[in-house]
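Okay, structure first, notes after.
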Amino acid sequence: MHFSLVTLFPEFFASPLQCGLMGKACQESLVSFATINPREFTEDRHRSVDDRPYGGGPGMVMMCDPLRRALHSIPRRGRTLLLSPKGRPFDQTLARELAEEEALTLICGRYEGIDARIESLEAIEPVSVGDYVLNGGETGALCIIEAVARLLPSFMGKTDSATEESFSTGLLEYPHYTRPETYEGLQVPQVLLSGDHARIARWRREKALETTLAYRPELLRNASLSAADKHCLQALPRQWRGRNLYVGLLHHPVLTKSGEVGTTSLTNLDIHDIGRVSRSYGLGGYYLATPLADQRELAHRLLDHWRQGAGCQTNADRASALADVHVVTDLEAIRDNILQRTGQPPLVLATSAQGQETVRLEEVRTALEHRPVLLVFGTGSGLADEALAQTDGLLPPLRFLSTYNHLSVRSAAAIYIDRVLQDWY
């Protein structure tokens, strides 16, 4: 495979491309490289490749013409990639895709970026190696080169090497051990000394699943998992991120359709659906709050029917879903109950389709690691101002760009819980 590197700093690549397996692959002509410097294609005596941006602003922008001339000088461009934060995220899937090519061209930007017209004039694919800021595209280009090159036949020496590594199967790798058999009192797992290749393969797969669940559970979402894999994952002990998350559904003070402050009635669907979501995501508890005694009595009758009455006999799953549903008078009662159960006052966050967010979801995830968090939802047309005043912050609306933003409270609760927790399993 041939790589063409368009860069203002060709010297950046000198050492990395000459050492280790990459250097050996170059010697054996498995890969080849050419660096093309846009400065060599300028026409002014200063060899200028950048200029000030139109509209003002800090920094400089790479100009189109030297870069286009550089690209047109490449005899075998192949697919042309631009290292850019807006690009397709680079991952193992894309690496495999690129490894099928005979040639690749990587454009390494510098300064504040490249004149946007270059993407209209040339067939260029933006690619991003991560959500962080680098001085230029050279470091990202090295990542792409190594990830792609090591997938080429004979690059790794052994054909199994590239297929048994992290991400190759959508999972992280299993742990490795070598001599001595015992080190500082720690022994190599006996299964690896057994000589039973079937047991070893099974152990390695289970350890890969365990490691992925512990460190990168989001990878499981796209991994190819067998029925045995899923059974293994279900049996593994894990900390539910939702253990510190609680949900409260207020029936007062809320807004009516006419915009007035009022009280709404309990509904069977709200009790069951949010209860089932809370149980599925391993939440700490679900609270129904209403100041009306007859409504609380109705809720208790419904819950008793499913938790210990006739409903429990016919639908044990529903009894489990409603096991941690509590009926209280108001938001203050929810707060007090969580304080009593956990020993900490909860961070109380409201949800609204109209309000301006004050707390980002990432901040909620961080808070969950240290303290209980209560998500408060309003029935009717949403929480009234006096309810919002009792909270510590407002979460971002779910569909703030939509012209229609009227989800049911059951749907909104499910979506918020999923977005906050991001358990992926």
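Residues in the sequence shown are numbered consecutively from -5, following our numbering. For each residue, glycine too, the CB sits at the ideal point set by N, CA and C.
For the 8 Å CB-CB criterion, Val182 and Trp197 do not form a contact.
Unbroken alpha helix (DSSP H) stretches of 4 residues or longer found wholly inside the region 236 to 319: 262 to 274, 287 to 301, 304 to 308 and 310 to 315, given in chain order. In the DSSP assignment, Val55 forms a beta bridge with Asp45. Pairwise C-beta distances place the region 55 to 68 out of contact with the region 78 to 88, as fewer than three of them are shorter than 8 Å.
Going by beta carbons, Phe(-3) and Leu100 fall inside the 8 Å limit. When only Cα atoms are considered, Thr206 and Pro285 end up about 46 Å apart. Listed in chain order, the non-local C-beta contacts of Glu380 below 6 Å within the same chain comprise Pro247, local neighbours out to five positions each way being set aside. Counting C-beta pairs closer than 8 Å gives three or more between the region 347 to 355 and the region 382 to 392, which meets the contact rule. In this structure Met(-5) is not in contact with Ala141, their Cβ atoms being roughly 12 Å apart against a cut-off of 8 Å. Comparing alpha-carbon positions, the option among Glu357, Arg232, Ile265 and Thr29 lying closest to Ala313 turns out to be Ile265. For Val0, the enclosing beta strand (DSSP E) begins and ends at His(-4) to Val0. Leu(-1) places its beta carbon less than 8 Å from that of Cys102. With respect to the 8 Å criterion, Leu260 and Arg404 are not classified as neighbours on the basis of their beta carbons. The beta carbon of Asp45 sits closer than 8 Å to those of Met54, Val55 and Met57, all from its chain and outside the five residues before and after it, given in chain order. With the rule of 3 Cβ pairs closer than 8 Å, the region 26 to 44 does not count as touching the region 161 to 171. Contact check for Val271 against Ala293 fails: the beta carbons are separated by 8 Å or more. Relative to the Cα of Leu369, the nearest Cα in the group Trp300, Arg90 and Tyr240 belongs to Tyr240. Per DSSP, Val358 is one residue of the alpha helix (DSSP H) stretching across Leu355 to Leu362.
The DSSP-derived three-state label of Gln181 is strand.
Just so you know, the alpha carbons of Leu297 and Asp125 end up roughly 47 Å apart.
Counting the other CB atoms within 10 Å of its CB gives Asn238 a total of 16 or more, which places it among the buried residues. Taking a contact as a CB-CB distance under 8 Å, the pair Ala135 and Val255 does not count as one, their CB atoms being some 60 Å apart. Counting only runs of 4+ residues, the alpha helix (DSSP H) found wholly inside the region 377 to 417 occupies 379 to 382 and 403 to 415, in chain order. Sorting Gly72, Ser274 and Arg295 by C-alpha distance to the C-alpha of Ile411 places Ser274 at the top. Here Val367 carries a strand assignment [DSSP, helix/strand/coil]. The C-alpha of Ser148 is placed about 28 Å away from the C-alpha of Leu76. Pro231 is positioned such that its CB atom lies no closer than 8 Å to that of Asp417. When rounded, the separation of the alpha-carbon atoms in Trp234 and Gln228 is 12 Å. Nearest C-alpha to Gly376 among Gly276, Pro340, Arg295 and Gly253: Gly253.
Spanning the alpha carbons of Phe27 and Gly17 requires a straight line of approximately 11 Å. The closest CA to that of Gly279, considering only Ala315, Thr133, Glu94 and Ala304, is found on Ala315. In the DSSP assignment, Phe27 forms a beta bridge with Phe(-3).
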